[in-house]
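Novice:
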Amino acid sequence: MTISRTEKVVRVAVPIPAYRCFDYLPPSGVGLSDLLPGLRLRVPFGNRTRVGYLIAVAETPECDVARLRPAEAVLDDKPLLSETDVKLLQWAARYYHHPLGEVFQLAFPVHLREGRSAEVTRPQGLTLTPAGAALDPPVLKRAPAQRMLLETLRGAEYPFPASRLAETGSSARAAQDAARRLVERGWAEWVDLPDGRIPAAIRPPLPLNVAQRAAVDAVSAHLGRYGAFLLEGVTGSGKTEVYLEVIRRVVARGEQALVLVPEISLTPQLEQRLRERIEAPLAVFHSGLNETERTAAWLGFQQGDIRVLLGTRSAVFVPMRRPGIIILDEEHDRSFKQQEGFRFSARDVAVMRARMADIPLVAGSATPSLESIRNVQRGRYVRLSLPARAGVAVEPRYRLLDIRSRRLQEGLSEALIAAIRETLAEGGQVLLFLNRRGFAPALICHGCGWVAQCRRCDANLVLHAREARLRCHHCAAEHGLPPRCPSCGQEDLRPLGIGTERVDQALQRLFPEIGVARIDRDSTRGRHSLARILERVHQGEVRILLGTQMLAKGHHFPGVTLVGILDVDAGFYSTDFRAAEHTAQLIVQVAGRAGRGEKPGTVLLQTRHPDHPLLQRLLRDGYPGFAAAELAEREAACLPPFGYQALWRAESKDLGRAMDFLARLREEAEGKNGAVHWLGPAPAPMPRQAGRYRAQLWLKSARREALHASLTDALARLQETPERRVRWSLDVDPVDFY
Numbered sequence: 001m002t003i004s005r006t007e008k009v010v011r012v013a014v015p016i017p018a019y020r021c022f023d024y025l026p027p028s029g030v031g032l033s034d035l036l037p038g039l040r041l042r043v044p045f046g047n048r049t050r051v052g053y054l055i056a057v058a059e060t061p062e063c064d065v066a067r068l069r070p071a072e073a074v075l076d077d078k079p080l081l082s083e084t085d086v087k088l089l090q091w092a093a094r095y096y097h098h099p100l101g102e103v104f105q106l107a108f109p110v111h112l113r114e115g116r117s118a119e120v121t122r123p124q125g126l127t128l129t130p131a132g133a134a135l136d137p138p139v140l141k142r143a144p145a146q147r148m149l150l151e152t153l154r155g156a157e158y159p160f161p162a163s164r165l166a167e168t169g170s171s172a173r174a175a176q177d178a179a180r181r182l183v184e185r186g187w188a189e190w191v192d193l194p195d196g197r198i199p200a201a202i203r204p205p206l207p208l209n210v211a212q213r214a215a216v217d218a219v220s221a222h223l224g225r226y227g228a229f230l231l232e233g234v235t236g237s238g239k240t241e242v243y244l245e246v247i248r249r250v251v252a253r254g255e256q257a258l259v260l261v262p263e264i265s266l267t268p269q270l271e272q273r274l275r276e277r278i279e280a281p282l283a284v285f286h287s288g289l290n291e292t293e294r295t296a297a298w299l300g301f302q303q304g305d306i307r308v309l310l311g312t313r314s315a316v317f318v319p320m321r322r323p324g325i326i327i328l329d330e331e332h333d334r335s336f337k338q339q340e341g342f343r344f345s346a347r348d349v350a351v352m353r354a355r356m357a358d359i360p361l362v363a364g365s366a367t368p369s370l371e372s373i374r375n376v377q378r379g380r381y382v383r384l385s386l387p388a389r390a391g392v393a394v395e396p397r398y399r400l401l402d403i404r405s406r407r408l409q410e411g412l413s414e415a416l417i418a419a420i421r422e423t424l425a426e427g428g429q430v431l432l433f434l435n436r437r438g439f440a441p442a443l444i445c446h447g448c449g450w451v452a453q454c455r456r457c458d459a460n461l462v463l464h465a466r467e468a469r470l471r472c473h474h475c476a477a478e479h480g481l482p483p484r485c486p487s488c489g490q491e492d493l494r495p496l497g498i499g500t501e502r503v504d505q506a507l508q509r510l511f512p513e514i515g516v517a518r519i520d521r522d523s524t525r526g527r528h529s530l531a532r533i534l535e536r537v538h539q540g541e542v543r544i545l546l547g548t549q550m551l552a553k554g555h556h557f558p559g560v561t562l563v564g565i566l567d568v569d570a571g572f573y574s575t576d577f578r579a580a581e582h583t584a585q586l587i588v589q590v591a592g593r594a595g596r597g598e599k600p601g602t603v604l605l606q607t608r609h610p611d612h613p614l615l616q617r618l619l620r621d622g623y624p625g626f627a628a629a630e631l632a633e634r635e636a637a638c639l640p641p642f643g644y645q646a647l648w649r650a651e652s653k654d655l656g657r658a659m660d661f662l663a664r665l666r667e668e669a670e671g672k673n674g675a676v677h678w679l680g681p682a683p684a685p686m687p688r689q690a691g692r693y694r695a696q697l698w699l700k701s702a703r704r705e706a707l708h709a710s711l712t713d714a715l716a717r718l719q720e721t722p723e724r725r726v727r728w729s730l731d732v733d734p735v736d737f738y
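In terms of UniProt numbering, the sequence shown opens at residue 1 and continues consecutively.
1) Give the straight-line distance between the Cα atoms of residue 724 and residue 95, rounded to the nearest whole angstrom.
2) Taking 8 angstroms as the cut-off, does the segment 283–302 touch the segment 335–354 (at least 3 CB pairs, one atom from each stretch)?
3) Excluding sequence positions up to five away, which residues of its chain have a Cβ less than 8 angstroms from the Cβ of residue 5?
4) Could you tell me the alpha carbon to alpha carbon distance between residue 433 and residue 259, rounded to whole angstroms?
5) Is it true that the segment 598–610 meets the segment 392–406, where meeting means three or more beta-carbon pairs spaced less than 8 angstroms apart?
6) Keeping to the same chain, check which residues put their C-beta closer than 8 angstroms to that of residue 187; ignore five residues upstream and five downstream.
7) Taking all protein chains shown into account, do 16 or more other C-beta atoms lie within 10 angstroms of the C-beta of residue 28, making it buried, or fewer, making it exposed?
8) Where does residue 1 fall in DSSP's three states?
9) Helix or strand or just coil, what does DSSP make of residue 337?
10) Out of 494, 408 and 594, which has the shortest C-alpha to C-alpha gap to residue 441?
11) For residue 372, which three-state DSSP category applies?
12) Give the straight-line distance between the Cα atoms of residue 218 and residue 355, rounded to the nearest whole angstrom.
13) Could I get the ranges of all uninterrupted alpha helix (DSSP H) runs contained in the segment 495–522, with 4 residues as the minimum, in chain order?
14) Across which residues does DSSP place residue 310 in a beta bridge pair?
15) Compare the C-alpha of residue 659 against each of 633, 692, 676 and 635 and name the closest.
16) Along the chain, where does the alpha helix (DSSP H) containing residue 599 start, and where does it finish?
17) Quick check: the Cα distance between residue 376 and residue 362, rounded to an integer number of angstroms?
18) Specify the secondary structure class of residue 98 as computed by DSSP and reduced to three states.
19) Less than 8 angstroms between the C-beta atoms of residue 584 and residue 631, yes or no?
20) Taking the C-alpha atoms as reference points, what is the distance between residue 2 and residue 67?
21) Please report the distance separating the alpha-carbon of residue 15 from that of residue 372.
22) Could you give the DSSP three-state label for residue 700: helix, strand or coil?
23) Out of curiosity, what's the CA-to-CA distance linking residue 113 and residue 19?
24) Any idea which residues DSSP pairs residue 125 with across the strands?
25) Hey, out of 508, 707, 460 and 489, whose CA is closest to residue 477's CA?
26) Which stretch, first to last residue, makes up the beta strand (DSSP E) that contains residue 687?
27) Name the two residues that bound the continuous alpha helix (DSSP H) containing residue 722.
28) Straight-line CA distance for residue 292 to residue 446?
29) Helix, strand or coil for residue 235? Go by DSSP, reduced to three states.
30) How close, in whole Å, do the beta carbons of residue 229 and residue 382 come, if the pair is a contact with beta carbons under 8 angstroms?
31) Name the residue from 677, 54, 643 and 74 whose alpha carbon lies nearest to the alpha carbon of residue 100.
32) If you draw a straight line from the alpha carbon of residue 544 to that of residue 556, how long is it in whole angstroms?
33) Looking at residue 49: is its Cβ nearer than 8 angstroms to the Cβ of residue 42?
34) If you compare alpha carbons, which of 233, 98 and 91 is closest to residue 623?
35) Using the Cβ count rule (16 or more neighbours within 10 Å means buried), how would you classify residue 190?
36) Taking residue 610 as the reference, which of 401, 251, 715 and 342 has the closest Cα?
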C-alpha cells in the first residue's frame with residue numbers, strides 16, 4: 001500500500017483508551033492556517049461522532065490518505081488551549097503513560113467535552129426590585145422560605161449568588177422555589193454577576209513579620225520567571241498571609257493566580273480570605289459545583305476575566321490567559337494524587353506547568369513531603385521558612401496518654417474526659433480527631449463470632465447506627481441490620497470498635513449542655529453543610545468539634561485550646577513504607593489546630609504504644625527531625641525520593657487470571673532492562689473489591705529513565721496483544737498500594 005504524501009492531515013486526540021492520535025482530512029471550508037493546536041473538532045469515529053482535540057497539522061499521514069475521512073466541524077473560533085497547555089497535556093500523557101485523548105478530555109469540563117459552545121455564561125445573582133424592597137415582610141407570614149429569602153436579600157449589599165441560595169436557611173429546593181415565586185410576583189429579579197466576582201468588603205492586609213516579609217520578597221523577585229519555592233512553616237505561622245500578599249502583587253501586574261488545595265472542604269475558608277483581600281474577579285473550581293458553574297469558571301479563567309482561580313486537583317489543567325503564579329497549599333497531602341483513571345499528581349503537574357509557563361510556584365506545608373524536602377536538598381526548590389507562629393500564638397504542648405489496661409468510654413479515656421471538662425470550664429473549645437467514620441468498623445455476633453462482611457469485597461461492613469445500616473466503604477454496598485446472627489441465629493449482635501458517630505453519641509451523653517458537631521464525609525454530604533458547621537464553630541455555638549482527617553487540613557479555629565487524638569497507633573504498624581510519614585504529618589497537622597489564638601494549646605495523644613520509637617522521635621525532634629531520619633532510611637532502601645516506582649494493577653472475576661496476566665507481562669518485559677526490578681505479581685492487600693479480584697506488579701528503579709523505558713516497552717506489547725478478560729491500569733509514582 002502506498003502512502004500519499006501530497007495532502008496535509010489534522011492529527012486529533014480522540015478520548016478513547018488508545019495510545020495514539022488519529023489522522024483526518026481537514027474539514028471542508030476551513031483553511032489550514034485556521035487549524036491550530038488546542039481547537040476542538042467534531043470527528044467521525046467508528047459509527048458515531050466524537051469531540052476530539054487538535055494536536056497538529058501533519059505533513060505526513062500515518063496511513064493512505066484515501067482511507068481517511070474528513071473532520072466534520074471545528075467547534076471553536078480560536079483554540080481553547082494555548083501551545084503551552086497542549087505541551088503540558090502531552091507531557092502528562094507521556095509521563096503517566098496514559099492515553100492522550102483521555103488526558104485532554106480530563107482537562108475540559110463536561111459541557112465542553114460534549115461539544116457545547118465556549119461562550120461564557122455569567123453567574124446569576126438575585127436582587128430585590130423596588131416593589132420587593134418596599135414590601136412588608138408580614139405579607140409572607142404563610143411562606144417562611146420566601147420570607148427568609150426576602151430578608152436575606154434586604155441585608156445584602158449586592159446580588160445574592162444563585163449558587164448560595166441554600167445558605168438562606170431552607171433546603172436547596174425550597175430556596176429555589178422561593179426565588180422563583182419572588183421573581184414571579186415581581187419582588188425580585190435575576191441579574192448577571194460581574195466576572196464571577198461576588199463583591200466583598202476588602203480588608204487591609206495584616207502586617208507581615210520578618211519571616212513572612214522575606215518569603216514574600218523572595219517569591220516576588222521571581223515574578224515573570226520560573227522558580228519553585230517550598231514555604232515551610234509551623235502550623236499557624238501565617239502561610240496564608242504570604243499567599244495573599246504574593247497574589248495581590250501578581251494581580252497588580254495584570255496576571256493570574258492559580259491556587260490549589262487538596263480537598264473541597266478547604267475551599268470555603270480560603271475563598272472567604274481571598275475575597276476579603278484580593279480586589280479582583282475570583283472563581284472556584286471543584287467537583288462539588290454543578291457543570292454550568294464549572295464551565296463558567298473554566299472559561300472565565302481561560303479568557304482572562306477571572307484573575308484568581310481556587311480549585312482542587314483537576315484545576316491544575318484549567319488554562320490561564322496571563323499566567324502569573326501557581327500556589328499549592330498543603331502540598332504534602334495525598335489527595336493531590338488521582339487514585340483512579342488518569343492517575344496524575346496535581347503537585348508534580350503544577351511544577352511542570354510552572355516551568356513551561358516560566359512562572360513561580362509556591363508549595364506550602366507545615367509538614368512537607370519527603371519528596372519536596374529532597375528537592376530542596378538537590379537545589380530544585382528554594383526553602384522559605386516561617387519558624388514561629390504568627391501574632392501571639394505559641395506552639396501547643398504535647399502529652400501522651402497511655403491507655404493500656406485503661407477503661408475507655410467509647411474511645412475516650414478518663415484523663416481525656418477530665419481535660420475536656422477543664423477546657424470547657426475555662427471557656428475554650430475542644431477538637432477531637434478519629435480517622436474512622438461510622439458508628440463501628442464491624443458488627444459481630446457475641447455468640448459465635450460471626451462478622452458482617454461485604455459480599456463483594458474482602459472487607460467488613462461498617463455499622464452506621466443512626467440510619468440502622470451496614471455499609472461497605474469500598475464498593476458502597478448497603479444493607480439493613482440483621483435481626484439475628486445469620487450463622488447461629490442468636491440475637492446478641494454487638495458493634496466492635498469505634499467510629500466518629502459512636503464517639504459523637506458519647507459526647508452528647510457526657511456533655512448534654514454543650515454544642516457538639518461532627519465533621520466527616522457522612523455529616524457533610526450537603527453542599528453547604530460543612531460551611532454551616534464551621535460557621536457555628538466560629539460563632540461559639542459548637543464547643544466540641546469531632547472529626548476525621550477533614551479537620552486536619554488548613555482550618556483555623558482560634559478558640560480551640562485542647563486537641564485530643566483518640567488513636568495514634570495504627571499508622572505506625574502499616575506495611576506501606578509511606579505510612580510513618582503520613583501518620584506523622586497527620587499528627588502534626590491535627591495538633592496544629594490547638595492554640596492558634598491568644599490562649600496556649602494542649603495536645604493529648606491516646607496510645608497503647610507510648611514507647612514506639614517513631615512516636616518518640618516525632619515528639620522529641622519535631623517533624624523536621626522525624627523527616628530527616630525517614631529520608632535516611634528511604635535512601636538506604638532506594639525508596640522514593642531516592643528511587644522511582646510504578647505499579648501495574650490487574651483485576652478480573654478470577655484472581656488466577658489477573659495473576660497470570662501480570663506474570664506474562666513480567667516474563668516478557670523483565671529481561672529488557674537490568675536497571676529495573678520487578679516484584680510480584682501478588683494479590684492486592686485487599687484482594688477482592690466490588691466483586692472483582694485484584695493483583696499487583698511492582699516496578700522500582702534507581703533511574704527514572706530506565707523505569708519509563710520499561711513501561712513504554714511493556715505498554716507496546718500490551719497494545720499488540722490486548723487482554724479482554726482482565727482490566728489493567730498503570731500507576732506511576734504510586735502513593736496508594738491498596
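Even for Gly, the Cβ is constructed at its ideal location relative to N, Cα and C.
Specialist: So, from the data block:
1) 25 angstroms
2) no
3) Here the model assigns residue 5 a pLDDT of 43, short of 50, so the residue's position is not dependable, and the following value carries that caveat. Cβ neighbours of residue 5 beyond the five flanking positions: 59, 60 and 61.
4) 27 angstroms
5) yes
6) 128, 129, 131, 132, 135 and 150
7) exposed
8) With a pLDDT of 36 at residue 1, under the threshold of 50, the modelled position of this residue cannot be trusted, and the question is left open.
9) strand
10) 494
11) helix
12) 17 angstroms
13) 500–510
14) 259 and 284
15) 692
16) Here residue 599 belongs to no alpha helix (DSSP H), and DSSP marks it neither H nor E.
17) 13 angstroms
18) coil
19) no
20) In this prediction, residue 2 scores a pLDDT of 40, lower than 50, which makes its location untrustworthy; no coordinate-derived value is stated.
21) 33 angstroms
22) strand
23) 19 angstroms
24) 161 and 191
25) 460
26) 676–689
27) Run containing residue 722: none; DSSP gives neither H nor E here.
28) 52 angstroms
29) coil
30) 5 angstroms
31) 54
32) 15 angstroms
33) yes
34) 233
35) exposed
36) 401
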